[in-house]
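In our numbering, the protein residues as written are 2 to 424. Glycine included, each C-beta is placed from N, C-alpha and C at the ideal position. Please read these numbers as outputs of a predicted model, since none were measured by experiment. Take a look at the structure below.
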């Protein structure tokens, strides 16, 4: 039976928080410190960095504003939404953080649960400087490791404004004392049409940025170096993986090919830092952090108009690297087929986003099923290792790895392969 998701208030390190839970994943939101999603967890594993020195602490508007210098920013951690582009050259740029309203203001909130889902909606105070009110709707459904993050910008000013919806998740890559975990990776599909796979936005080019030409992925290996890159990534997903623990977090987004994106066309950006690491400008890093950042297109909003962006977070236990992501799982080793006589050996390694079952399905050229093989129960807490034999039947054209929900209904195809030869 499905575990119904819940939304419950709690005291979270002294803050008033809301915990969303469905028995597989948990998300803790803290509206009073910038509408943050402070933690997201699959089973025992926490993905997000939280600043231990600021847990439960509250500051005044003036303390958050400070002198406007980054070194004095109250960086709580977690995940938050900002306007992009960032900069200090004029009204079309967001000069933060720090920001006492959008980044750290007290957001209003309301919770909802029922009909197989639970959510919390967090709404920022109106911000005169940017002309924005930000809303963040965080939702869970039953029997899934997926979290849906619906973000919106509303123009509350009397002027036209132009912003990108910029979501920033701070991934935990080590302890706050500087014991960094260089087994943390961020995988980003690159745009093969671009001459440069990524642009240096801060710091220097460094060994953290590793291009795998065969897979078409940029792999960022966290090494505690202060720096930032922007990537025009049209695939619509990125994947953070902690190889030390085996846990992966995939983020999916909608790519709009005809739209204009900020920062020379970046759809994804990655910032890295660590305590004591050299930096071109003064910063005070609170821990070992890799930021996985997703940007929407630039939206021109007239007074009263709204723009929206949806992100889907999906957690799984799966070996890295991650080479593909779908709505039902992620791929470490793609599906492959080897033939021996009248049998086909099918192999692959995957992470699953649903609690349910998996099956191998063999199809003919008309799309009709020739055979099906039940692979048994699946869970986001276990990697799916496929290594099975099926009998080859005449007309075989396609082999699919299907995911079925807890209700036994087809939820999606995780991987497929067209055999190069038969028999």
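Taking only three categories from DSSP, how would you classify residue i?
{"i": "residue 33", "result": "helix"}
{"i": "residue 72", "result": "helix"}
{"i": "residue 119", "result": "strand"}
{"i": "residue 352", "result": "strand"}
{"i": "residue 335", "result": "strand"}
{"i": "residue 307", "result": "strand"}
{"i": "residue 395", "result": "coil"}
{"i": "residue 278", "result": "coil"}
{"i": "residue 271", "result": "strand"}
{"i": "residue 363", "result": "strand"}
{"i": "residue 127", "result": "coil"}
{"i": "residue 233", "result": "coil"}
{"i": "residue 414", "result": "strand"}
{"i": "residue 52", "result": "coil"}
{"i": "residue 1", "result": "Limits of the chain in this structure are 2 at one end and 424 at the other, which puts residue 1 out of reach."}
{"i": "residue 4", "result": "coil"}
{"i": "residue 419", "result": "coil"}
{"i": "residue 323", "result": "coil"}
{"i": "residue 403", "result": "strand"}
{"i": "residue 205", "result": "coil"}
{"i": "residue 157", "result": "coil"}
{"i": "residue 89", "result": "coil"}
{"i": "residue 198", "result": "coil"}
{"i": "residue 218", "result": "strand"}
What is the residue span of the beta strand (DSSP E) that residue i lies within?
{"i": "residue 240", "result": "238 to 243"}
{"i": "residue 65", "result": "Taken as a continuous stretch (DSSP letters only), residue 65 belongs to no beta strand (DSSP E), being part of the alpha helix (DSSP H) at 62 to 66."}
{"i": "residue 102", "result": "No beta strand (DSSP E) holds residue 102; DSSP gives it neither H nor E."}
{"i": "residue 8", "result": "7 to 13"}
{"i": "residue 298", "result": "290 to 302"}
{"i": "residue 143", "result": "Segment: none, residue 143 is in no beta strand (DSSP E) and carries neither H nor E."}
{"i": "residue 185", "result": "185 to 190"}
{"i": "residue 23", "result": "Looking at the DSSP string, residue 23 is not in any beta strand (DSSP E), and its letter there is neither H nor E."}
{"i": "residue 376", "result": "370 to 379"}
Relative to the alpha-carbon of residue i, which residue among the options has its alpha-carbon at the smallest distance?
{"i": "residue 102", "options": "32, 375 and 4", "result": "32"}
{"i": "residue 243", "options": "298, 206 and 172", "result": "172"}
{"i": "residue 182", "options": "381, 391 and 50", "result": "50"}
{"i": "residue 408", "options": "95, 88 and 117", "result": "117"}
{"i": "residue 355", "options": "72, 135, 148 and 64", "result": "148"}
{"i": "residue 202", "options": "302, 255 and 264", "result": "264"}
{"i": "residue 249", "options": "267, 300 and 240", "result": "240"}
{"i": "residue 412", "options": "385, 166 and 353", "result": "353"}
{"i": "residue 309", "options": "135, 399 and 91", "result": "135"}
{"i": "residue 174", "options": "168, 200, 184 and 166", "result": "184"}
{"i": "residue 245", "options": "198, 46, 79 and 108", "result": "46"}
{"i": "residue 302", "options": "261, 155, 327 and 167", "result": "155"}
{"i": "residue 107", "options": "97, 91, 125 and 96", "result": "125"}
{"i": "residue 300", "options": "132, 238, 34 and 10", "result": "132"}
{"i": "residue 314", "options": "161, 234, 26 and 53", "result": "26"}
{"i": "residue 151", "options": "198, 86, 161 and 82", "result": "82"}
Considering just the uninterrupted stretch of the alpha helix (DSSP H) at residue i, what are its terminal residues?
{"i": "residue 263", "result": "263 to 266"}
Between the alpha carbons of residue i and residue j, how many angstroms are there, rounded?
{"i": "residue 66", "j": "residue 129", "result": "14 Å"}
{"i": "residue 226", "j": "residue 320", "result": "24 Å"}
{"i": "residue 349", "j": "residue 331", "result": "11 Å"}
{"i": "residue 192", "j": "residue 274", "result": "26 Å"}
{"i": "residue 196", "j": "residue 329", "result": "32 Å"}
{"i": "residue 145", "j": "residue 159", "result": "42 Å"}
{"i": "residue 368", "j": "residue 417", "result": "13 Å"}
{"i": "residue 17", "j": "residue 111", "result": "13 Å"}
{"i": "residue 305", "j": "residue 381", "result": "41 Å"}
{"i": "residue 391", "j": "residue 401", "result": "12 Å"}
{"i": "residue 290", "j": "residue 312", "result": "21 Å"}
{"i": "residue 84", "j": "residue 376", "result": "45 Å"}
{"i": "residue 363", "j": "residue 333", "result": "22 Å"}
{"i": "residue 279", "j": "residue 223", "result": "15 Å"}
{"i": "residue 281", "j": "residue 204", "result": "7 Å"}
{"i": "residue 94", "j": "residue 166", "result": "13 Å"}
{"i": "residue 140", "j": "residue 347", "result": "36 Å"}
{"i": "residue 327", "j": "residue 387", "result": "17 Å"}
{"i": "residue 59", "j": "residue 89", "result": "27 Å"}
{"i": "residue 276", "j": "residue 70", "result": "18 Å"}
{"i": "residue 10", "j": "residue 138", "result": "16 Å"}
{"i": "residue 229", "j": "residue 236", "result": "20 Å"}
Taking 6 Å as the limit between beta carbons, can you name the residues of its chain near residue i, skipping five residues before and five after?
{"i": "residue 247", "result": "318"}
{"i": "residue 100", "result": "none"}
{"i": "residue 420", "result": "338"}
{"i": "residue 62", "result": "101"}
For residue i, I'd like the list of residues in its chain whose CB is within less than 8 Å of its CB, leaving aside the five on either flank, ordered along the chain.
{"i": "residue 8", "result": "19, 20, 21, 112, 113, 114, 119, 120 and 121"}
{"i": "residue 424", "result": "Confidence is the limiting factor: at residue 424 the pLDDT is only 39, short of 50, which leaves the residue's position unreliable, though a coordinate-based value still follows. For residue 424, where only same-chain residues beyond five positions count, the Cβ hits under 8 Å are 340, 342, 343 and 393."}
{"i": "residue 217", "result": "190, 191 and 193"}
{"i": "residue 323", "result": "188, 240, 242, 249, 251, 331, 332, 333 and 352"}
Which residues in the same chain as residue i place their Cβ atom closer than 7 Å to its Cβ, once the five residues preceding and following it in sequence are excluded?
{"i": "residue 360", "result": "373, 374, 375, 376, 403 and 405"}
{"i": "residue 72", "result": "283, 284 and 285"}
{"i": "residue 257", "result": "298"}
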